[in-house]
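Numbering (my numbering), first residue to last: 1096 to 1193.
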């Protein structure tokens, strides 16, 4: 498992394959830039790590995100391993053997 501090971009998520909808996808990276409400008067730039909730896949599909810092469980995540551990807990993914 890669557990160095986040110096590059990475994502963790759950996606419905049949319709390519992300139930949740967390994109981590200090240099990320996303535009909410693209092409409208209420356009808003989100800088840094962000979350996609119930959003379509596809680079050129308009979608809105929320900053990961607004989700308490992910505010202080700085390592890939910690992001995965918190993601598993946040989404209630469990191992039936536990």
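Note that CB positions come from ideal geometry on N, CA and C, so glycine has one too.
Continuous beta strand (DSSP E) stretch holding residue i: start and end
| i | result |
| --- | --- |
| residue 1152 | Residue 1152 -> no beta strand (DSSP E), and no H or E assigned at all. |
| residue 1106 | 1105-1111 |
| residue 1123 | 1116-1123 |
Proximity below 8 angstroms, CB of residue i to CB of residue j
| i | j | result |
| --- | --- | --- |
| residue 1134 | residue 1162 | no |
Collapsed DSSP secondary structure at residue i in the structure displayed
| i | result |
| --- | --- |
| residue 1174 | strand |
| residue 1179 | helix |
Buried versus exposed call for residue i [16 or more other C-beta atoms within 10 Å across all chains shown]
| i | result |
| --- | --- |
| residue 1129 | buried |
| residue 1096 | For residue 1096, the predicted structure reports a pLDDT of 40, less than 50, and the residue's modelled location is therefore unreliable. The matter cannot be settled from this model. |
If we count Cβ pairs, one from each stretch, closer than 8 angstroms, do we get three or more for the segment 1109-1118 versus the segment 1144-1164? yes
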